[in-house]
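Student:
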Amino acid sequence: MADSEAVTTQRSTVEDWTRALAESIGSPGGGAGAGLMLAVAASLTSMVAGYTEPEEHQRGELADVHARARALRKEALRLADDDASASKAFGAAFRLEPGPEREDAIHRASVDAAKASAVLGERAIDAIGDLGWLASNGNPALIADVVVAFGALRAAVTGARTNVSFDLAALTSAGATLDRVREEHPGLWTTVEHLSAALDRIDELTAEIDHRAAPTDVY
């Protein structure tokens, strides 16, 4: 097995990275997996954009969608690795002996992990509009790929939302109440709400095109 310390989304093979993910070490973990799913969504968005022949008035917008998707693919992989590092610190904090040092470490690691997942989630939210644009204006022959991209994007948003929420709740292990956590970290708390709304938006967009992507699926 590859050394888990050296495994990253940017330098490792899919085989090595997923093998590390399968181990009970937590780094990479679910948050890093969410980052990888965001990269998949961005990659498919880029692919569909590349196959699309736009109308004259759409050329500039399509070029922007394509450029953002290519940039997001790279950023998502970096964010996945950032989350893996945050996850490692999070796990280390909980393994410390009970006491003030452990409580401080848990607090720092929880906030850092929540921030890492929040950034990933915000990038995923930004990608919804571009994928929605392709659902309406992209090459119709690739509508199934758009649906797959929405599925990957939903997984990324779900992972980010759950991890931010879980990491904030972890702060209560040091005695804080959820109300206090909300007061001390209003931005992160609001991010959870934004991510929940994003899931609803992705579901709506997917439902609108599902009949085109899976026309033989008779209920």
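Residue numbering for the sequence shown follows the working numbering, starting at 319 and increasing by one per position.
Idealized CB from N, CA, C, for every residue including glycine.
1. Where does R530 land, buried or exposed, given buried means 16+ other C-beta within 10 angstroms?
2. Between A359, D430, A442 and I424, which lies nearest to H512 when the distance is taken from Cα to Cα?
3. Would you please state the rounded distance, in angstroms, between the beta carbons of A404 and D422? I believe it to be under 8 Å.
4. Looking only at its own chain, which residues have a Cβ that is under 6 Å from the Cβ of V499, when we skip the five neighbours before and after it?
5. By Cβ distance below 6 Å, which residues in the same chain neighbour A350 in space, the five residues on each side in sequence not counted?
6. Quick check: is any heavy atom of the ligand ZN less than 7 Å from the C-beta of E526?
7. Where does E419 land, buried or exposed, given buried means 16+ other C-beta within 10 angstroms?
8. Less than 8 Å separating the beta-carbons of A327 and L395?
9. In this structure, how does DSSP classify S317 when only helix, strand and coil are distinguished?
10. Along the alpha helix (DSSP H) that carries T509, what are the first and last residues, could you check?
11. Within this structure, are the beta carbons of A453 and I527 separated by less than 8 Å?
12. Count the other C-beta atoms from every protein chain shown that fall within 10 angstroms of the C-beta of K392, then say buried if there are 16 or more, exposed otherwise.
13. What would DSSP say about E415, mapped onto helix, strand or coil?
14. Tell me whether G469 sits in a helix, a strand or coil according to DSSP, three-state version.
15. Assuming A367 and H384 form a contact by the criterion Cβ under 8 Å, report the distance between their Cβ atoms to the nearest whole angstrom.
16. Which residues in the same chain have their Cβ closer than 7 Å to the Cβ of Y369, if we skip the five residues on either side of it in sequence?
17. Can you have a look at T476 and say buried or exposed, based on whether 16 or more other CB atoms are within 10 angstroms of its CB?
18. Does DSSP classify P458 as helix, strand or coil?
19. With V332 as the anchor, note down where its alpha helix (DSSP H) starts and where it stops.
20. Return the CA-CA distance between A473 and G353, expressed in angstroms with no decimal places.
21. Please report how far the alpha carbon of L339 lies from the alpha carbon of L471, in whole angstroms.
Tutor: In short:
1. By one-based count along the sequence shown, residue 530 stands at place 212. It counts as exposed.
2. What you label residue 512 is simply residue 194 of the sequence shown in a count that begins at 1. Out of A359, D430, A442 and I424, A442 has the C-alpha closest to the C-alpha of H512.
3. As a position in the sequence shown, residue 404 is number 86, starting the count at 1. As a position in the sequence shown, residue 422 is number 104, starting the count at 1. A404 to D422, Cβ: 16 Å. No contact.
4. If you number the sequence shown from 1, residue 499 lands on position 181. Excluding positions up to five away in sequence, the list reads L486 and L489.
5. Along the sequence shown, one-based indexing puts residue 350 at 32. These residues qualify, in order along the chain: A398, D401 and A402.
6. Although the ligand ZN was asked about, the structure shown includes no ligands whatsoever.
7. In the sequence shown, counting from the first residue as 1, residue 419 sits at position 101. So E419 counts as exposed.
8. Here residue 327 corresponds to residue number 9 of the sequence shown, with the count starting at 1. Here residue 395 corresponds to residue number 77 of the sequence shown, with the count starting at 1. Reading off the sequence, residue 327 comes out as Thr, not Ala. Yes, these two residues count as a Cβ contact at 8 Å.
9. Outside the displayed range of the chain (319 to 537) lies residue 317, so it cannot be described from this structure.
10. Here residue 509 corresponds to residue number 191 of the sequence shown, with the count starting at 1. Annotation: the continuous alpha helix (DSSP H) that includes T509 extends over P504 to A531.
11. Along the sequence shown, read from residue 1 onward, the residue named residue 453 stands at position 135. Along the sequence shown, read from residue 1 onward, the residue named residue 527 stands at position 209. Yes, the pair counts as a contact, with Cβ atoms nearer than the cut-off.
12. Stepping through the sequence shown from its first residue, residue 392 is reached at position 74. Classification of K392: exposed, given that the 10 Å Cβ count is below 16.
13. For the purposes of this step, residue 415 is taken as residue 97 along the sequence shown, with counting starting at 1. Assignment of E415 by DSSP, reduced to helix, strand and coil, places it in the coil class.
14. On the sequence shown, residue 469 is found 151 positions in, with the first residue counted as 1. Correct three-state label for G469: helix.
15. Within the sequence shown, residue 367 is the residue found at index 49, counting from 1. Within the sequence shown, residue 384 is the residue found at index 66, counting from 1. Indeed, because the Cβ distance is near 4 Å, the residues count as touching under 8 Å.
16. Along the sequence shown, read from residue 1 onward, the residue named residue 369 stands at position 51. Correct list, in chain order: N457 and L460.
17. Position 158 of the sequence shown holds residue 476. With 16 or more other Cβ atoms within 10 Å, it is buried.
18. Here residue 458 refers to the residue found at position 140 of the sequence shown. In the structure shown, P458 adopts helical secondary structure according to DSSP, grouped into three states.
19. In the sequence shown, counting from the first residue as 1, residue 332 sits at position 14. Per DSSP, V332 belongs to the alpha helix (DSSP H) from V332 to A340.
20. Mapped onto the sequence shown, residue 473 falls at position 155. Mapped onto the sequence shown, residue 353 falls at position 35. Taking the straight line from one Cα to the other gives about 9 Å.
21. Within the sequence shown, residue 339 is the residue found at index 21, counting from 1. Within the sequence shown, residue 471 is the residue found at index 153, counting from 1. When rounded, the distance between both Cα atoms is 19 Å.
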